[in-house]
Each structure stands twice: as structure tokens, then as C-alpha cells.
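Protein sequence lines, in the order shown, are assigned to chains A and B.
Mapped onto this note's numbering, the consecutive letters of the first sequence carry residue numbers 16 to 204.
Mapped onto this note's numbering, the consecutive letters of the second sequence carry residue numbers 3 to 121.
Built from N, CA and C at the ideal position, the CB exists for glycine as well.
Since the model is a prediction, treat every value here as computed from it, not as a measurement.
Written out below as C-alpha cells is the structure these notes cover.
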Amino acid sequence: MTSSLVPSSRRGFLGGSLTLSAGTIALLGGASTLARAADPSKDTGILNVALGLEHEAINAYQLGATSGLLQKPVLDVAVLFQSHHKGHRDALIATIEKLGGKPVAEKPLADYAKALKADTLKSQADVLELAARLELGATNAYLGVIPAFSDSALSKVAARLAADETMHWTALSGALGKSLPMAALAFGA
Amino acid sequence: MKAFAVAAALLAAAWPAHAAGDAAVGAQEYEARCGGCHAVDEHRVGPAHRGVFGRRAGSAAGFAYSAALRRSGIVWDERSLDAWLADPEKLVPGQGMNVSIGDAALRRDIVAYLRSLAS
């Protein structure tokens, strides 16, 4: 399973034509609405920040999955979550291009490793803690940008992305033995 | 008019206490609300935050800020950070963050934490 992660996501990203999955196409179901965005340049800027976040998430899972610290079935779940982030990446790239923008490029894996202090990861729990922190931050980031879009179709996309990140955070927190939030409305602010 | 002046003075005097957040709570909320993009010591999707308090906006070395933020002339303090977190586009049109936090108490805690991050 680990070997399937070894080929860098960067190669897939830079490797030429973008093939949209059924899920991606569904995510972009509001294409006609996207064309009427009130301020496409502003929206593409927000989407590019989101794309940067997804690049980082993909690389974080890459670092975790190739660290040798994850055991099955946790490793399989990490690979699944990374595939979700790749789906997010592809959807965001397609949307940015549809709006006439230029998708932000992925950085080298080593850059993400440095920024995320991957050298401090010593156990499976360390990897899961990092992933959970990133997923929680991503959830709140997506919820926090919802009001900023000029096109409500993109707000819906951000909400759907936030839902995926919340799913990831919930599963990771459970694997770490953490309790669920006691209060309602635990995400966003 | 005199009553208004007294009330204004009282409000001004009360501002620091009202505005003071809890840095310990802010540390947790920073991780949850800002940690998707930011870290204290490393630039990620967003810039590193150590030393942000008192720093000129858009001036941390090594991060590609929006031109709007670089030109804003803002120096980060309680009020500007609160306004930024409440609605970054309103404070600096054309900025690149766009994530907003509507809860004022939460913003105060996060700002208190940011203030605690010495250079």
C-alpha cells in the first residue's frame, strides 16, 4: 500500500492533462453559475489559497505514509484521506482554470516537511496528531472563507470541502482516543 | 455634551480591560482556527506569526504577501488585528487571506495569544 504513495503527487499534478473524476465533475456542477461570478479574480484568489492548503495536506499525508510510522489499517485510512485531498486539489484546479485564473503550484516535498516539522514525528500518534491539527485547521479555514466568495456556488463548494475535512478530523480524533466536542457548533466562528 | 464626554472617557478607559483576551485560550483557538494555514515559526500557506504584534503588515521576510497588504501601512496591534480577523477584506481591500472570525471574544483570545509571541 505504501508503494502506491511513493510516486509523488507532484508528478500527477504537473504531468499534463487533467482528468476529472466523476466526483470532481459533480463538485463543479454549478459551472454555469461560476461563469457569472461577480468578481472572478477575487474568487480565484480565495480558491488558490485553498489549493495551497490542499497541496500541503497531500504532502503531509505523503510524509506520514512514507514515514514507516503508520501501521495498517491506519495507513490505509491515511491513503484514503490523501486521495480525498487529491480530489479537492483537482476540483480546485479545474475551478480556478474555469474562472480564468492560474492555479498555484505545488512546492517540493522537502519544503512541506520543513514547514510541518516532519523531523519531529516519532510515532504513529505523532503523525495522527499532525494530521488532526491540519484537518481541523482546514475545516475552520473553509468555513471561514464561505462569506468571502462573490459567487454563492463557490461558497457551497467550500462548505462541501469543510465537510470532508470534518470527517477526516473526526476519524483521526477517534483513532487518537479523543472525545468529541461537548458543545454544539464546534466548528467555524 | 458633558455627559457624552464622560461616557466616552469611561468607554475609552474600559476598552483595554474589555479588549484583553486570554492568551492560553487563544493558543488553543489559534491552532484550531488558524492552524490550517499558519504556524508560529514557519511560513506555510500563510505567513509565520512570531513577532507579528508591532510589525508592519506584509513585511515578514520570505513570504509573498498581497500588494494590498504590503501597501496598507498597517502596524499590527489589538485593534488592527481584531479588525483584520473580523473582516480582512473590509480592512484591506484586495488582501489575500479572506478567512474571517465572527466571534469577538474568540478574536480577542487569539489576538492576546499573538501578542504573547515575542520576536
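Short Cβ contact (8 Å threshold) for residue i with residue j
i, j, result
"V160 (chain A)", "V47 (chain B)", "no"
"L136 (chain A)", "Q77 (chain A)", "no"
"R109 (chain B)", "I103 (chain B)", "yes"
"L158 (chain A)", "F202 (chain A)", "yes"
"L68 (chain A)", "A199 (chain A)", "no"
"A75 (chain A)", "L85 (chain A)", "no"
"P105 (chain B)", "A204 (chain A)", "Per the sequence shown, the amino acid found at residue 105 (chain B) is Asp instead of Pro. Yes."
"D58 (chain A)", "D166 (chain A)", "yes"
"V94 (chain B)", "A62 (chain B)", "no"
"A128 (chain A)", "L191 (chain A)", "no"
"G64 (chain B)", "H45 (chain B)", "yes"
"T103 (chain A)", "L176 (chain A)", "Reading the sequence as shown, one finds His at residue 103 (chain A) and not Thr. Closer than 8 Å, so yes."
"V119 (chain A)", "L169 (chain A)", "no"
"H70 (chain A)", "K122 (chain A)", "yes"
Contacting residues, own chain, Cβ-Cβ under 7 Å from residue i (five flanking each side not counted)
i, result
"L33 (chain A)", "At L33 (chain A) the pLDDT is 35, less than 50, meaning the model places this residue with poor confidence and gives no usable figure here."
"L187 (chain A)", "L143, A146, A147 and E150"
"G116 (chain B)", "The sequence shown places Leu at residue 116 (chain B), not Gly. Excluding positions up to five away in sequence, the list reads H51, V54, F55 and L83."
"S82 (chain A)", "L136 and V142"
"A72 (chain A)", "H100, L149 and A153"
"K193 (chain A)", "none"
"A85 (chain B)", "L93"
Residues of its chain near residue i, where Cβ-Cβ distance is below 8 Å and the 5 sequence neighbours each way are ignored
i, result
"D43 (chain B)", "A50 and R52"
"E31 (chain B)", "L108, D111, I112 and Y115"
"A41 (chain B)", "A50 and H51"
Close beta carbons around residue i, own chain, < 6 Å, minus the five adjacent residues each side
i, result
"I135 (chain B)", "Only positions 3 to 121 of chain B appear in the structure, and residue 135 (chain B) is not among them; the question remains open."
"K171 (chain A)", "none"
"M99 (chain B)", "P90"
"A173 (chain A)", "Y157, V160 and I161"
"A41 (chain A)", "Low confidence applies here, because A41 (chain A) scores a pLDDT of 42, under 50, leaving its location unreliable; read the following figure in that light. Excluding sequence neighbours, A41 (chain A) sits near nothing in its chain."
"R57 (chain B)", "W78"
"A25 (chain B)", "A114, Y115 and S118"
"A120 (chain B)", "none"
Contacts that residue i makes with chain C (C-beta to C-beta distance below 7 Å)
i, result
"G28 (chain B)", "In the structure shown, chain C cannot be found, because the protein chains are A and B."
Can we say the segment 29-38 of chain B touches the segment 132-151 of chain A, given the rule of at least three CB pairs closer than 8 Å? Touching, per the Cβ criterion.
For the segment 128-145 of chain A, which residues have a beta carbon sitting closer than 9 Å to at least one beta carbon of chain B? Listed by position along the chain: K129, A130, L131 and K132.
What residues from the segment 146-163 of chain A come within 7 Å of chain B, judged by C-beta to C-beta, listed N to C? Within the segment 146-163 of chain A, the qualifying residues are R148, L149, L151, G152, A153, N155, A156, G159, V160, P162 and A163.
For the segment 104-142 of chain A, list the alpha helix (DSSP H) runs that are entirely contained and at least 4 residues long, ordered along the chain. The DSSP assignment places complete alpha helix (DSSP H) segments of no fewer than 4 residues inside the segment 104-142 of chain A at 124-130, in order along the chain.
Got a sec: which bits of the segment 62-76 of chain B sit with their beta carbon under 9 Å from any beta carbon on chain A, in order along the chain? Within the segment 62-76 of chain B, those residues whose Cβ lies closer than 9 Å to any Cβ of chain A are, in chain order, S68.
Length-filtered (4 minimum) alpha helix (DSSP H) runs lying within the segment 132-197 of chain A: The DSSP assignment places 139-160 and 167-190 as complete runs of the alpha helix (DSSP H) inside the segment 132-197 of chain A, in order along the chain (cut-off: 4 residues).
Output, in sequence order along the chain, the residues in the segment 101-122 of chain A whose CB is closer than 8 Å to any CB in chain B. Taking a C-beta cut-off of 8 Å against chain B, none of the residues of the segment 101-122 of chain A qualify.
Which residues, taken in chain order from the segment 159-192 of chain A, show a beta carbon closer than 7 Å to some beta carbon of chain B? Taking 7 Å as the cut-off between beta carbons, the residues of the segment 159-192 of chain A near chain B are G159, V160, P162 and A163, in sequence order.
Proximal residues, the segment 85-110 of chain B versus chain A, C-beta separation under 7 Å: Contact annotation: in the segment 85-110 of chain B, residues whose CB is within less than 7 Å of a CB in chain A are E91, G98, N100, V101, S102, I103, G104, D105 and L108.
The segment 52-82 of chain A: which residues have C-beta closer than 7 Å to a C-beta of chain B, in chain order? Per Cβ criterion, the list reads G60, I61, V64, G67, L68 and E71.
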